[in-house]
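For the sequence shown, the UniProt record's numbering gives the first residue as 1, with consecutive numbering after it.
Don't be surprised by glycine CBs; every beta carbon is placed ideally from N, CA and C.
Quick caveat: nothing in here was measured; it's all calculated off a predicted structure.
Structure, as structure tokens:
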Amino acid sequence: MLCVVDGFECLGRALDFKPDLIFIDVLMPRLNGYQTCQLIRSRDSFKSVPVVMLSSKDGLFDIALGKKHGATDYITKPFTQDDLLTAVRKHCPQFEPEV
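The structure is reproduced here in structure tokens:
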């Protein structure tokens, strides 16, 4: 697992780390989650990598906006550890997360 603090760092580290799953907060400094997701999706090497948006906004418009920018899934805050583990199991069934 790798954690970053903003969208630009996410893009740079993703290129080096080559993750199997990416969680992105909608509200990040310098580059928001929608922009970051769109830039991730613009690279061929990340077209099939699941991107899960995390947000306190739970409206249909917000979820649709995430999908429009390339999000695979959308989890609203507050969320639980089980919510995150469910997303990992759903999008990366080859991995069994350790709790």
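{"Asked": "Inside the UniProt domain \"Response regulatory\" (1-92) only - beta strand (DSSP E) runs reaching at least 3 residues", "Found": "22-25, 51-55, 73-76"}
{"Asked": "Cutoff 7 Å; reference Ala87; Cβ partners in own chain excluding five residues on either side", "Found": "Val52, Asp73, Ile75"}
{"Asked": "Nonlocal neighbours in the same chain, by C-beta distance under 6 Å from Thr36, ignoring five residues either side", "Found": "Gly7, Cys10, Ile24"}
{"Asked": "Rounded separation between Arg41 and Gly66 - CA only", "Found": "12 Å"}
{"Asked": "Distance CB(Leu21)-CB(His69) smaller than 9 Å", "Found": "no"}
{"Asked": "Leu15 vs Ser55 beta-carbon contact at 9 Å", "Found": "no"}
{"Asked": "Leu33, buried or exposed, once every other Cβ within 10 Å from all chains shown has been counted against 16", "Found": "It is worth fixing the name first, because residue 33 is Gly in this sequence and not Leu. Buried, because 16 or more other Cβ atoms sit within 10 Å of the Cβ of Gly33."}
{"Asked": "Proximity below 9 Å, CB of Leu2 to CB of Pro29", "Found": "no"}
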